[in-house]
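**Student:** Attaching a single structure in structure tokens format; questions to follow.
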Amino acid sequence: MNFDDTPQEAAFRAEARAWIDANAPHELLADLENAGFGGLNLSGVDPMQAMKAWQKKKFDAGWACLHWPKDYGGRGATPIERVIWGQEEGAYGKLSGTFIIGHGMCGPTLMAWATEEQKRQYLPPMAAGEDIWCQLFSEPAGGSDLAGLRTRAVKDGDDWVINGQKIWTSGAQHCQYGILITRTDPTVPKHKGLTMFFLDMKSPGVEIRPIKQVNGQSGFNEVYFTDVRIPDAQRLGAVGQGWTVSLTTLMNERLTIGSGMPTGFEEMFDFCCRMDTGEGPAVDDKAVRSKLADWACRASGLKYTGMRAISALSRGETPGPENSIGKLVAGATMQDIATFALDLMGQYGAVSDPEMAAAQSRFQAMLLRSPATRVEGGTDEILRNIIAERVLGLPADIRVDKDVPFEKIPTA
Amino acid sequence: MNFDDTPQEAAFRAEARAWIDANAPHELLADLENAGFGGLNLSGVDPMQAMKAWQKKKFDAGWACLHWPKDYGGRGATPIERVIWGQEEGAYGKLSGTFIIGHGMCGPTLMAWATEEQKRQYLPPMAAGEDIWCQLFSEPAGGSDLAGLRTRAVKDGDDWVINGQKIWTSGAQHCQYGILITRTDPTVPKHKGLTMFFLDMKSPGVEIRPIKQVNGQSGFNEVYFTDVRIPDAQRLGAVGQGWTVSLTTLMNERLTIGSGMPTGFEEMFDFCCRMDTGEGPAVDDKAVRSKLADWACRASGLKYTGMRAISALSRGETPGPENSIGKLVAGATMQDIATFALDLMGQYGAVSDPEMAAAQSRFQAMLLRSPATRVEGGTDEILRNIIAERVLGLPADIRVDKDVPFEKIPTA
Amino acid sequence: MNFEFSDEQQQLRDTARRYLADHSPSVAVRAVLEGEQPYDTALWKGLGEMGFLGAAIPEEFGGLGLGYLELCVIAEELGRSLAPVPMSSSIYLAAELIKAAGSGPQKTAWLPKLASGEAIGCLATSEGPGRVSEKSIQARVTGDRLSGAKVPVLDGMAADFAIVAARDGDRSLSLFIVDLNGPGVARQAVGTIDPARGQASIAFDNAPAERLGAAGEGFSLLTEALDRAAVLTAFEQVGGSDKALEMARDYALQRIAFGRPIGSFQAIKHMLADMYVAATLARSNAYYGAWALSTGAAELGVAAATARVSATKAFQLCGKNNIQVHGGMGFTWAFDCHLFYRRANLLALTLGGQSEWEDKLVERLRRRNAA
Amino acid sequence: MNFEFSDEQQQLRDTARRYLADHSPSVAVRAVLEGEQPYDTALWKGLGEMGFLGAAIPEEFGGLGLGYLELCVIAEELGRSLAPVPMSSSIYLAAELIKAAGSGPQKTAWLPKLASGEAIGCLATSEGPGRVSEKSIQARVTGDRLSGAKVPVLDGMAADFAIVAARDGDRSLSLFIVDLNGPGVARQAVGTIDPARGQASIAFDNAPAERLGAAGEGFSLLTEALDRAAVLTAFEQVGGSDKALEMARDYALQRIAFGRPIGSFQAIKHMLADMYVAATLARSNAYYGAWALSTGAAELGVAAATARVSATKAFQLCGKNNIQVHGGMGFTWAFDCHLFYRRANLLALTLGGQSEWEDKLVERLRRRNAA
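Printed below as a string of structure tokens:
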């Protein structure tokens, strides 16, 4: 039980560190380190430009998409090397935000299901950050019930014609391509009538509308499809095999989202050490201590659960649904922390003016952001189901829609 | 909005108070006031004798079973009069413990389903405390799924022959009679094959075995039936109508159990005012305060929810399943309070020796008793279901056994 | 015994609910939330005309002269509808303080205008992060002139005057009435977690200030006023909790996933049951507060703190779980869930935070038990 | 990096688990719970023979000379099996204190006997309700004679000697070794919430006492020893949590209600998921403690308190929810659920309560961050 690198790991770390030292955009470091729950705010630089530039530099030097094969623009690195890279890249990793969906989900899906020619065509530009990809899965009627999707694809010659609506598509407005799951047969049970495609987001009939969220931001979009044509060659997997294909994507989603969720604990501890309640620093108040201790254990528990997962990775094991813990714990913790931080400030806690609010208004931002964390990429309830079923082996919920033709399932 | 009696209520209260002053066993008052989570401990007096004596005195003067009709030994009082009586009877009410099941559940069931002759025969001795009754409903295989019971009743001439096992029967060893629900037809869906009886608990073939509980007490029993014969005349309701009959009983159970659940808050507050943490009384510790405030709100909320229910009663409304809140909140609160009280005592919190433990070992007793509160008379989970379904109107759980013949339902 | 509102009070509730459904729908709340106005002026005017503002103001000062129970009923309905108006500042606090401590001329000058809605008052105590205490207040009045800064001041942009807690020359704290449109006052709007209730930062520089109540008694006047406002605010929170619970329940019945309403899943059912439990305890505790407020019971201190702590907890729970039940849609600007989440968290702070009231509650229980 | 136990350590775990399954089944736990013996003497002897007691005692003193990681592995298995033996008192505390502070002769006298199980030690600090602090200790040693009373003393009936925290003449606290079978010692068994681990009340009346460690350093020695014991106890708690979770899971799979396993209801599924989450966080934090303990890291103080608080919470949750999943049967004496519920609540107290450790954790985090 130790945190030491093996000699190979140490060599990899040294190489990565040297390259980053020599090549990273050091002028952005301070802004990146301060970036919190808002979008990336870089003084005098367009964030998209900065992200693309850093990604391209990494790609050219062989540091992009470490876990991908070299042939497709990656490095063929081991999982533990990917972890080490993340540690060394540090705050510069925040420049990868816009590529996460592509590199973590769309790329692996193409690798598993596209033709060799397609892989060689689409993956390297994706790795280089030249093409940004999105996933078009969720629908308004779907939610947690992803397979309840209604977007229709109908065969017409060599094309498929798409009509319907997707939602919660991150950064769709910046994307060149997307992977899209559709219903091709509503007469069979719902998991059986789905088919997956990838498409050019500039295709005629694709319309993107940003969704304004509670915190005023618009990181997500609705995407409308009106008679959009996709060549059959851009189908991923067989007709009717879409659900199986989507599982490739979702398994990779869990790996991406599950790791390193922030809880807000460090910021809160720091705040409680500085904040004067009138009777000394808040951290001296026993009620504050009791809560801080609980949150400290949750944050520490997530950190070392992550270490154990990395150890399992480096032993060649696949991280399982145990990782669902991360978001479940982090989301609720962040909401609790934000609420209590505001409480400590009394009336002043309501102030969210960035110019004025205490602690750079980060707790107000957390309060307004945390409800989303508890929903996106699997609600708390879905995550508890995953833990109960896949880790503890409890029975699945009773499925009234399992063997029913999709078109016969009741809708709202 | 006021707590004042109406003139009629004031007159009733005065009459009750005068009678209690003149007749109650004042020599037992101190012991009764101190009685906590253990059985009733009366210095030098057999509790059963004391209970029977007080009940008989009340019966003779027309103060027994206030809500029952006069013809059957009651007083025909209004619900609000019953509440006033309870307030005036105070700690003497603890002498009614052994009669609660009979007066609250069995009596009302007989009133609804027995013949006039049976009512006149059995109810007055029950009201007088001469006959103690129990209910024989729960079974080991049943639990929350009461209708899953397996005790069989088979017709044989004018009798029914009973075989099976009941569990969680309070005070069965002291009872003269019981009401018993059985399965008379396993070939129909489970709610449809049940039939209710009452029986003499001294019948041949009835065997009572106490269940030792976690806290070392044996308030409950298992009752085994081996070829026990019950005359058909002692059937309550039609053959196959047992579920409907049982609902009469259970609705009355909810009224009895729901009211006035203790949370342990008063004792805890008192303890925190006395207990010295080394830095002054525990109540000065902010962490203690935060918890006390929360529990204070729960205890107060239950108290005034009760007041609102009484107001509804006095307006002639029937208390609904809203009352499920009482046990749900009180059980969890008591467990939290007990755990935290022990924590405040540090190592010494483990000491449960009544001679030695702090606060008369009441918190240790609470710790070992509270898990039962969260289960008996409906688990926390069943109560949440009741609130969700009957108060909020949400759909029932999906019932896979609804239309299945009982004998075809899978068992453990 | 009757621990319920009377039939007349229930009729008042029906009237208020109907009025607010018509005049404070969520689109009106959003207009303030997204706009530049600090409150809904038309709604405010209407509330004055309906007599709601003056419900607990004596008839001699232009009110209806009803009691606190009627004001509680109105507060609950305002809470349900998230009414974007300065009711708590102008009525629960300013009018109540003037009723309690004002001189004859002060009452005559302000109460009729507050009852009609023609004037708006507010309370200015906070000067920065942390609890408001005798120590935390640095604003000072010297020779009838106030200097200092208050932030945030709820409804400070909407108000015509503020009741300001300040050091009184060499004495301890007093309260002062300050004309916010007068000289020496500079105010600006402050962004908060619930922009549907405008707040301000106000700087005073030798602003004329008129003492309200006895010199040196500012903190005790304030404490009593906060207790009364806590009961009234608890009713707003109870109203908000109920409405958030209803929204969540309705959505759970209507939204289908996996071929069935999501309200048929125990995870959702039990979440809603827990919301119902919290909301019911909060309602019962609010009634306790209303009883103490309306009868002038010695228990008001305990009852107000109980009502406050219980209602804050319930509304925060219902506000956040309502979003959770709605899933992703609950987090969109377009759905109304966030309006309740914002208000729940705002009301948890405006009279001082939850931990402050928990402290008060325990301290008061202890004093009561010792007595 | 490798944040897992090694293959050898996993083999040790398998050995320990098999041994304890055979020698510490629940019937053995019940024999102590219901009987007069303060511990299971046969099991204790066996643990000595297997080398488990001496795992972290140097070979020169009769131990196996393995490390703390091995002791953590054994502790987890003892926790799973609820082993009714004085391991924590004799090994985690007494042997550790003698290793850390004992003189050469003290080590030679006691460590081999502790490693074999021939002698049992315990720690006596509490004198009544509340936290143990420098102020709370009134027992006093004058001229090598100890007078005072300690209660409760975990394993005080089983032990041959106690390490007693006492005022040292005119100096502050020191630790003393006292022969419990010697003169001036009167002990009696005390009933507790978990009778499967016997406890005592011990009165000392001029009992001979031999100083352990430097004079006046009793409290700092104690603090360090409690940290080490906290990590080891956290592993017992993690083992107990896992076992309680498994029991609940198995019952939920097997028990049928409403025609289906109760484990198919979300209320039960999610309760079990929450137990799993708490148990997993506790395990990871215990590993953090084990790493700090085994490497002598400066972070041991933080790591030990983190492991302790997390493990206490997890075991208490798993202990009570295990009963809840079992319903009425879970509350019977006949089912084993209460054995875990008792142990969870006992272990939450034996090294000082949860709030005491929460305090320590925050204080240490603050010192670490300030450094």
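Protein chains in written order, with this note's numbering: chain X, 1 to 412; chain A, 1001 to 1412; chain Y, 2001 to 2371; chain L, 3001 to 3371. Each residue gets a CB set at the ideal place from its N, CA and C atoms; glycine is no exception. All figures in this text were calculated on a predicted structure; none of them were measured in a lab.
If the cut is a Cβ gap below 9 Å, which residues of chain Y does Ala3267 of chain L touch?
**Tutor:** Residue mapping note: residue 3267 of chain L aligns to position 267 of the fourth sequence, counting from 1. The contacting residues are Gln2266, Ala2267, Lys2269, His2270.
**Student:** Quick one: list the residues of chain Y neighbouring Asp336 of chain X, beta-carbon separation under 9 Å, in chain order.
**Tutor:** Taking the first sequence and counting its residues from 1, one reaches residue 336 of chain X at position 336. Here the premise fails: no neighbours, minimum Cβ distance about 10 Å.
**Student:** Decide if Lys1408 of chain A is buried, meaning its Cβ has at least 16 other Cβ atoms within 10 Å, or exposed.
**Tutor:** For the purposes of this step, residue 1408 of chain A is taken as residue 408 along the second sequence, with counting starting at 1. Exposed, because fewer than 16 other Cβ atoms sit within 10 Å of the Cβ of Lys1408 of chain A.
**Student:** For Thr2192 of chain Y, which residues of its own chain have a beta-carbon under 8 Å away from its beta-carbon, when the five flanking residues on both sides are left out?
**Tutor:** Locating residue 2192 of chain Y in the third sequence gives position 192, counting from the first residue. Cβ neighbours of Thr2192 of chain Y beyond the five flanking positions: Pro2152, Gln2199, Leu2346.
**Student:** What number of angstroms, rounded off, separates the C-alpha of Ala3075 of chain L from the C-alpha of Gly242 of chain X?
**Tutor:** Here residue 3075 of chain L is taken as the residue at index 75 of the fourth sequence, counted from 1. Here residue 242 of chain X is taken as the residue at index 242 of the first sequence, counted from 1. Cα to Cα, the separation comes out at about 49 Å.
**Student:** Please tell me whether Glu3210 of chain L and Phe3176 of chain L are closer than 9 Å, where the distance is taken between their beta carbons.
**Tutor:** Walking along the fourth sequence from the start, residue 3210 of chain L turns up at place 210. Walking along the fourth sequence from the start, residue 3176 of chain L turns up at place 176. In this structure, Phe3176 of chain L lies closer than 9 Å to Glu3210 of chain L by Cβ.
**Student:** Just how far apart, CA to CA, sit Ala233 of chain X and Gly102 of chain X?
**Tutor:** To locate residue 233 of chain X, count along the first sequence from 1; it is residue 233. To locate residue 102 of chain X, count along the first sequence from 1; it is residue 102. Approximately 20 Å between the Cα atoms of the pair.
**Student:** Looking at the secondary structure, which residues open and close the alpha helix (DSSP H) in which Arg13 of chain X lies?
**Tutor:** The count along the first sequence starts at 1 and reaches residue 13 of chain X at position 13. Residues 7-23.
**Student:** Quick check on the DSSP output: what are the complete beta strand (DSSP E) runs of length 3 or more inside the segment 1151-1219 of chain A, in order along the chain?
**Tutor:** List check, beta strand (DSSP E) in window: 1152-1156, 1159-1170, 1177-1183, 1194-1200, 1206-1211.
**Student:** Helix or strand or just coil, what does DSSP make of Trp3357 of chain L?
**Tutor:** One-based indexing of the fourth sequence puts residue 3357 of chain L at position 357. Reduced to three states, the DSSP call for Trp3357 of chain L is helix.
**Student:** With DSSP as the reference, identify every bridge partner of Trp1133 of chain A, one or two as the case may be.
**Tutor:** Mapped onto the second sequence, residue 1133 of chain A falls at position 133. Trp1133 of chain A pairs with A:Tyr1177.
**Student:** Taking just the CA atoms, how far does Pro1079 of chain A sit from Phe1059 of chain A?
**Tutor:** Residue numbering aside, residue 1059 of chain A sits at position 59 when the second sequence is read from its first letter. Residue numbering aside, residue 1079 of chain A sits at position 79 when the second sequence is read from its first letter. One C-alpha to the other measures close to 18 Å.
**Student:** Do you know how far the Cα of Thr2041 of chain Y is from the Cα of Val2032 of chain Y?
**Tutor:** The residue you call residue 2032 of chain Y lines up with position 32 of the third sequence. The residue you call residue 2041 of chain Y lines up with position 41 of the third sequence. Each residue's Cα considered, the two are about 10 Å apart.
**Student:** State yes or no: is the beta carbon of Met1307 of chain A nearer than 9 Å to at least one beta carbon in chain Y?
**Tutor:** Against the second sequence, residue 1307 of chain A aligns to sequence position 307. Cβ-Cβ to chain Y under 9 Å: yes for Met1307 of chain A.
**Student:** Smallest Cα separation from Asp1427 of chain A: which of A:Pro1395, A:Leu1383, A:Ala1309?
**Tutor:** A question about residue 1427 of chain A goes unanswered here, because the residues of chain A that appear run from 1001 up to 1412.
**Student:** For Pro1321 of chain A, which residues of its own chain have a beta-carbon under 6 Å away from its beta-carbon, when the five flanking residues on both sides are left out?
**Tutor:** Stepping through the second sequence from its first residue, residue 1321 of chain A is reached at position 321. Here the set comprises Ile1386, Arg1390, Val1391.
**Student:** Mind the definition here: the segment 2117-2130 of chain Y touches the segment 2075-2084 of chain Y only if three or more C-beta pairs lie below 8 Å; say whether that holds.
**Tutor:** No, they do not touch.
**Student:** Could you tell me the boundaries of the beta strand (DSSP E) in which Lys3243 of chain L lies?
**Tutor:** The residue you call residue 3243 of chain L lines up with position 243 of the fourth sequence. Careful: Lys3243 of chain L lies outside any beta strand (DSSP E), inside the alpha helix (DSSP H) at 3218-3254.
**Student:** Thinking C-beta only, is Glu2077 of chain Y closer than 9 Å to Leu2020 of chain Y?
**Tutor:** As a working mapping, residue 2020 of chain Y is identified with position 20 in the third sequence. As a working mapping, residue 2077 of chain Y is identified with position 77 in the third sequence. Yes.
**Student:** According to DSSP, simplified to helix, strand and coil, what is Gln3010 of chain L?
**Tutor:** In the fourth sequence, counting from the first residue as 1, residue 3010 of chain L sits at position 10. In this structure, Gln3010 of chain L counts as helix in the three-state DSSP scheme.
**Student:** Please report whether the beta-carbon of Gly2079 of chain Y lies at a distance below 9 Å from any beta-carbon of chain A.
**Tutor:** One-based indexing of the third sequence puts residue 2079 of chain Y at position 79. No - not a single Cβ of chain A is within 9 Å of the one on Gly2079 of chain Y.
**Student:** Helix, strand or coil for Phe363 of chain X? Go by DSSP, reduced to three states.
**Tutor:** In the first sequence, counting from the first residue as 1, residue 363 of chain X sits at position 363. Reduced to three states, the DSSP call for Phe363 of chain X is helix.
**Student:** For the alpha helix (DSSP H) holding Glu2210 of chain Y, just list the boundary residues, first then last.
**Tutor:** Locating residue 2210 of chain Y in the third sequence gives position 210, where the first residue counts as 1. Where Glu2210 of chain Y is concerned, there is no enclosing alpha helix (DSSP H), although the beta strand (DSSP E) it sits in stretches over 2210-2212.
**Student:** Should Asp401 of chain X be flagged as near chain L, meaning a C-beta pair shorter than 9 Å?
**Tutor:** Locating residue 401 of chain X in the first sequence gives position 401, where the first residue counts as 1. For Asp401 of chain X, the answer is no, since every Cβ of chain L falls outside 9 Å of its Cβ.
**Student:** Give the interface partners of Ser3355 of chain L over in chain X, defined as CB-CB distance under 7 Å, in chain order.
**Tutor:** Residue mapping note: residue 3355 of chain L aligns to position 355 of the fourth sequence, counting from 1. The contacting residues are Ser290.
**Student:** Between Ser3133 of chain L and chain A, is the shortest Cβ-Cβ distance under 9 Å, so that the two count as touching?
**Tutor:** Counted from its first residue, the fourth sequence places residue 3133 of chain L at position 133. So yes, Ser3133 of chain L belongs to the interface.
**Student:** Would you mind telling me which residues of chain Y sit closer than 8 Å to Ala172 of chain X, beta carbon to beta carbon, in chain order?
**Tutor:** Numbered from 1 along the first sequence, position 172 holds the residue referred to as residue 172 of chain X. None at all; the shortest Cβ gap to chain Y is about 15 Å.
**Student:** On the premise that Ser1170 of chain A lies in contact with Thr2306 of chain Y, defined as a C-beta separation below 8 Å, what is that separation, rounded to the nearest angstrom?
**Tutor:** Locating residue 2306 of chain Y in the third sequence gives position 306, counting from the first residue. Locating residue 1170 of chain A in the second sequence gives position 170, counting from the first residue. Not really, about 35 Å apart at Cβ, beyond 8 Å.
**Student:** In the structure shown, what three-state DSSP assignment does Arg2364 of chain Y receive?
**Tutor:** Residue 2364 of chain Y sits at position 364 when you count from the first residue of the third sequence. Residue state, collapsed to three classes: helix.
**Student:** With DSSP as the reference, label Ala3207 of chain L as helix, strand or coil.
**Tutor:** Taking the fourth sequence and counting its residues from 1, one reaches residue 3207 of chain L at position 207. Reduced to three states, the DSSP call for Ala3207 of chain L is strand.
**Student:** Less than 8 Å between the CB atoms is what I'm expecting for Gln135 of chain X and Thr318 of chain X, so what's the real figure, rounded?
**Tutor:** For the purposes of this step, residue 135 of chain X is taken as the residue at position 135 of the first sequence. For the purposes of this step, residue 318 of chain X is taken as the residue at position 318 of the first sequence. Not really, about 21 Å apart at Cβ, beyond 8 Å.
**Student:** Let me know the secondary structure DSSP gives Tyr3019 of chain L once reduced to three states.
**Tutor:** Counted from its first residue, the fourth sequence places residue 3019 of chain L at position 19. Here Tyr3019 of chain L sits in helix by DSSP.
**Student:** Round the Cβ separation of Ser2355 of chain Y and Ala147 of chain X to the nearest angstrom and send it over; I've been treating them as touching at under 8 Å.
**Tutor:** As a position in the third sequence, residue 2355 of chain Y is number 355, starting the count at 1. As a position in the first sequence, residue 147 of chain X is number 147, starting the count at 1. So it is not a contact: roughly 45 Å between Cβ atoms.
**Student:** Alpha carbon to alpha carbon, how far is Asn2181 of chain Y from Ala2159 of chain Y?
**Tutor:** Locating residue 2181 of chain Y in the third sequence gives position 181, counting from the first residue. Locating residue 2159 of chain Y in the third sequence gives position 159, counting from the first residue. When rounded, the distance between both Cα atoms is 9 Å.
**Student:** Under the rule that 16 or more other beta-carbon atoms within 10 Å means buried, what is Leu3012 of chain L, buried or exposed?
**Tutor:** As a position in the fourth sequence, residue 3012 of chain L is number 12, starting the count at 1. With 16 or more Cβ atoms within 10 Å of its Cβ, Leu3012 of chain L is classed as buried.
**Student:** Does any C-beta atom of chain Y lie closer than 9 Å to the C-beta of Val375 of chain X?
**Tutor:** On the first sequence, residue 375 of chain X is found 375 positions in, with the first residue counted as 1. Judged by the 9 Å Cβ criterion, Val375 of chain X is in contact with chain Y.
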